[in-house]
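Numbered per the working numbering, the sequence shown finishes at 367, counting up by one with no gaps. Glycine included, each C-beta is placed from N, C-alpha and C at the ideal position. To keep things clear, I will list the structure first and then write my remarks on it.
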Amino acid sequence: MAGYPGLITPVGHREPVPRRIRGMLGDRVVLDTTRAVYVWEWPPYPQYYVPAADLAPGVLIDEERVTEGTARPVGLRSGEVTRSAAGHRHTAGELAGLVRLEWDALDAWFEEDEQVFVHPRNPYARVDALRSARHVRVELDGVRLAESATPVIVFETGLPPRYYLPRTAVDFTALVPSETVTACPYKGRTTAYWSVRAGGTLHADLVWSYDFPTRELLPIAGLVSFYNEKVDILLDGELLDRPRTPFSPEDE
116 MAGYPGLITP VGHREPVPRR IRGMLGDRVV LDTTRAVYVW EWPPYPQYYV
166 PAADLAPGVL IDEERVTEGT ARPVGLRSGE VTRSAAGHRH TAGELAGLVR
216 LEWDALDAWF EEDEQVFVHP RNPYARVDAL RSARHVRVEL DGVRLAESAT
266 PVIVFETGLP PRYYLPRTAV DFTALVPSET VTACPYKGRT TAYWSVRAGG
316 TLHADLVWSY DFPTRELLPI AGLVSFYNEK VDILLDGELL DRPRTPFSPE
366 DE
């Protein structure tokens with residue numbers, strides 16, 4: 116029992132996407148569809164599979180690489196911009212006529228008129244940011260990093276709760292600014308990252324903040340959070356077990 120809700124969508128599950136999906140390559144919209152399909156290739160989130168006919172004419176390029184099965188490798192070309200190994204076009208079966216593009220093959224993805232980062236949002240996942248009066252203390256190797264009784268707790272399906280604390284509750288003398296930037300489809304793009312110096316060791320990229328999160332997650336704006344998996348968190352005086360998530364978090 117992980118102590119938080121797990122992911123229940125099986126690999127191979129498919130559902131229609133009710134949202135308009137658009138993608139840009141360079142300065143041009145090269146994908147515009149209301150007929151995308153969610154396909155779960157692994158449990159945390161789906162991928163978009165889009166009709167080949169809904170890409171702009173001439174953008175999709177069949178590549179000559181030899182592959183097994185009915186998924187044919189494709190590239191993308193728009194003006195002076197070319198992307199090889201951009202994805203696969205399915206030529207038979209239930210996915211015939213659909214293209215699965217690598218996320219980085221396009222420069223930007225949009226659901227309706229809002230940009231989405233890293234991967235499609237999971238329609239079966241919830242992400243809630245709740246103000247709390249629980250007492251949170253964060254330590255690493257015996258060094259107190261932060262302590263607050265006014266956290267905002269983010270509950271996200273498939274991940275342990277994340278505790279976001281006011282900056283005035285954080286001991287920044289133990290933190291070292293990092294150039295790292297990550298993004299999340301639910302929260303947006305981070306505006307700050309820090310490593311932690313404790314016990315003579317520099318622990319890379321354990322701390323982050325969003326100054327401009329998505330409107331759904333506005334309660335965390337400007338607050339600071341720590342990887343539960345890599346620090347010690349005491350919640351109301353009780354030391355929490357360091358969670359082991361079922362997948363490595365790419366986006367916080």
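Out of the options, point me to the one whose CA is closest to residue i's CA.
i, options, result
"Y301", "L338, P238, G337", "P238"
"E231", "R304, R150, E353, A319", "Inspection of the sequence shows that residue 231 is occupied by Val rather than by Glu. With distances taken between Cα atoms, V231 lies closest to R304."
"A307", "C299, L317, H318, T295", "T295"
"D320", "A313, E130, L333, V291", "V291"
"P133", "W157, E156, E227, G212", "E227"
"G257", "R246, D347, I136, G121", "D347"
"F225", "V144, I335, P358, D326", "V144"
"L221", "A240, R198, H203", "R198"
"T288", "Y342, E130, V311", "V311"
"D351", "P358, H128, E262, I335", "E262"
"G337", "E331, P235, N343, Y325", "Y325"
Taking 8 Å as the threshold (beta carbon to beta carbon), is residue i in contact with chain D?
i, result
"E195", "Judged by its chain identifiers, the structure shown contains no chain D, having just a single protein chain."
Just the C-alpha distance for residue i and residue j, rounded to the nearest angstrom, thanks.
i, j, result
"G315", "D243", "36 Å"
"V253", "T283", "14 Å"
"E271", "P159", "11 Å"
"R249", "V233", "31 Å"
"E217", "A171", "17 Å"
"R277", "T206", "43 Å"
"E365", "A168", "At E365, the pLDDT of 44 sits below 50, so the modelled position is not reliable and the matter cannot be decided from this model."
"V322", "I123", "29 Å"
"G118", "S293", "31 Å"
"P334", "R241", "15 Å"
"A201", "G273", "29 Å"
Could you pull the DSSP bridge partners for residue i from this structure?
i, result
"P131", "V152"
"W309", "P292, V322"
"I176", "G190"
Measure the Cβ-Cβ separation of residue i and residue j and say whether it is below 8 Å.
i, j, result
"R215", "Y153", "no"
"V251", "P266", "yes"
"V189", "E156", "no"
"P235", "P166", "no"
"R104", "T149", "Outside the shown range of the chain, which is 116 to 367, sits residue 104, and nothing can be said about it."
(Q) Report the start-end ranges of each beta strand (DSSP E) in the stretch 245-292 that is 3 residues or longer and not cut off at the edges. (A) 251-255, 258-263, 267-271, 277-280
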